[in-house]
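Participant: Residue numbers for the sequence shown follow numbering that gives the first Met the number 0, so the first one is 0 and each next one is one higher. I am attaching a structure below and will ask some questions about it afterwards.
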Amino acid sequence: MESKSHQASEVDNVIPILIAMFAAFVVTVIFMPRAIKMLRDAGRFGIDVHKPEKTEVPKGGGFVVLFAVVFGLLLVIGITTFQDQAEVREGLLAALVSILIAGFIGIFDDTFNFKNRTKIILPLIASIPMVAVSVGTPTMSIPFIGTINFGPFYALLIVPLMMTFIVDSTNMYGGMNGLEAGLSGINSSAVVLYVLLSPYVDGHIISTAQTDAGMVAAALFGASMGFLMFNRYPAKVLPGDVGRLPIGAAMASALILGNMDRLAIIMYVPFLLNFLLYIVYRIYLKRKGLDYVKFASPRDDGTLEVVGPFTIYWILPYLSKKVTEKRNVLILLLLQALLAYGAVAFLLIAYPLGSGMI
């Protein structure tokens, strides 16, 4: 009898996650063609810089991703509220507001093109709702270090720093067809898998916090996969900051809601390396007195030429002259998939075995 009740509870937790995923995907696929036309008519174009012909592509399609994620979550909240007469969890509402704020910041950035220092600081604003309701637990399990209780400093320091880093690093780790959407799809699906598989490992039902995290990640996964259909090589639309910033905010919200600090640390290693390489690049430019170059240069055959290994997505073109944009993105996505899904498998297996590292 207890087993049947346990299974029923699992189903009740899984269904909202699947609804959020499916709804966000459908909304993106339905509205994106219309959004592309609207961007064309409004003259909102970006240069597809990694193509020899430097074609103009509608830019700013990420607002559909933002809308799809919010719609998917609101649909699930509405169903839960009206059907089960349940109270809306404040953590989930805080995540929604943070994602929307990140979207507004992205719109302003696309419009006014803020300086880099401003771009780095602004995502702190998106963390305010998460801080205000003190989302997450103050105890963190850090790989190779152990468990640390940060107390009130978790909400006041760790949450805003985590949100800001993930939003900024997501914004920085992009610029090639399908890269942002692909990375988002991999990372968000890893969170969903972690949520869905953890009960089978530890024998407990999915907690409320994990369900909320799973819904946010699932909505992001659905929207990312829908957007990837239009953004993959050769891209028919570019996301803009209005897409990249909410993607980062949604991922940060899901990881914080589900208390997935260990998964976050492992999964965002490439993003951290990309940020550190950017700093190295800035120091290099200052010492050499050179101008900043933001993108790779395409050769006539479509292969990429870079000034050095100063970003994660410049390393392969720097090591080989046979790397095209499409091949570079595919390899980067494969590496991220191995890391993200490997982290899920490692954490689910190592934790029950009592590994001291986690």
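All C-beta atoms, glycine included, are put in the ideal place defined by N, C-alpha and C.
On the premise that A212 lies in contact with A253, defined as a C-beta separation below 8 Å, what is that separation, rounded to the nearest angstrom?
Facilitator: 5 Å
Participant: Beta carbon of A101, beta carbon of V132: below 7 Å?
Facilitator: no
Participant: Among F113, L192 and L276, which residue has its Cα nearest to the Cα of V13?
Facilitator: L192
Participant: With distances taken between CB atoms, is the gap from H129 to S97 smaller than 7 Å?
Facilitator: With the sequence shown as reference, residue 129 is identified as Met, and His is not the correct amino acid for it. The Cβ atoms of M129 and S97 sit closer than 7 Å to each other.
Participant: To which residues of the same chain is A222 closer than 6 Å at the C-beta, ignoring the five residues directly before and after it?
Facilitator: A23, T27, V64, A67 and V68
Participant: When DSSP labels each residue in this structure, what does F44 get in the three-state scheme?
Facilitator: strand
Participant: Could you tell me which residues DSSP puts in a beta bridge with P245?
Facilitator: Per DSSP, none; premise fails for P245.
Participant: Flag this pair as yes or no: are the beta carbons of S188 and F226 separated by less than 7 Å?
Facilitator: no
Participant: Helix, strand or coil for E304? Go by DSSP, reduced to three states.
Facilitator: strand
Participant: Check whether the Cβ atoms of P159 and L121 sit closer than 7 Å, and answer yes or no.
Facilitator: For the 7 Å CB-CB criterion, P159 and L121 do not form a contact.
Participant: Based on Cα-Cα distance, which residue from L244, R261, L333 and L275 lies nearest to K118?
Facilitator: L244
Participant: With a cut-off of 8 Å, do at least 3 Cβ pairs link the stretch 280–290 to the stretch 259–269?
Facilitator: no
Participant: What does a CB cutoff of less than 7 Å around M175 pick up in its chain, not counting 5 residues either side in sequence?
Facilitator: H49, Y312, E324, N327 and V328
Participant: Hey, how far is the Cα of G173 from the Cα of L289?
Facilitator: C-alpha separation (whole angstroms): 23 Å.
Participant: Taking all protein chains shown into account, do 16 or more other C-beta atoms lie within 10 angstroms of the C-beta of P51, making it buried, or fewer, making it exposed?
Facilitator: exposed
Participant: Do you know how far the Cα of L237 is from the Cα of F113?
Facilitator: 19 Å
Participant: Suppose the cutoff is 8 Å on Cβ atoms and the five residues either side in sequence are ignored; what does the same chain contact list for F294 look like?
Facilitator: V48, H49 and G174
Participant: Between L315 and V322, is the Cβ-Cβ spacing less than 7 Å?
Facilitator: yes
Participant: Could you give the residue range of the alpha helix (DSSP H) that holds E89?
Facilitator: E89 to F111
Participant: By the DSSP assignment, the alpha helix (DSSP H) with V130 in it spans what residues?
Facilitator: I127 to A131
Participant: Opposite M139 in the DSSP bridges: which residues?
Facilitator: I147
Participant: Hey, how far is the Cα of F345 from the Cα of D201?
Facilitator: 14 Å
Participant: Please classify Y312: does DSSP put it in a helix, a strand, or coil?
Facilitator: Three-state DSSP puts Y312 in a helix.
Participant: How far does the beta strand (DSSP E) with E52 in it extend, from its first residue to its last?
Facilitator: It is not in any beta strand (DSSP E) - E52 carries neither H nor E in the DSSP assignment.
Participant: According to DSSP, is A253 helix, strand or coil?
Facilitator: helix
Participant: Rounding to the nearest angstrom, what Cα-Cα distance links R33 and F62 in this structure?
Facilitator: Between R33 and F62, the alpha-carbon positions lie close to 12 Å from each other.
Participant: Which class does L121 belong to by DSSP, given the choice of helix, strand or coil?
Facilitator: Residue state, collapsed to three classes: coil.
Participant: Out of curiosity, what's the CA-to-CA distance linking L156 and T163?
Facilitator: 11 Å
Participant: For P297, which three-state DSSP category applies?
Facilitator: strand
Participant: Would you kindly check if the distance between the Cβ of A339 and the Cβ of N186 is under 7 Å?
Facilitator: yes
Participant: Can the beta-carbon of K31 be found less than 7 Å from the beta-carbon of F229?
Facilitator: Looking at the sequence shown, residue 31 is not Lys but Met. Yes, the pair counts as a contact, with Cβ atoms nearer than the cut-off.
Participant: If the criterion is Cβ atoms closer than 7 Å, does the pair M214 and G184 meet it?
Facilitator: No, they are not a contact pair.
Participant: To the nearest angstrom, report how far apart Q335 and L182 are at their CA atoms.
Facilitator: 7 Å
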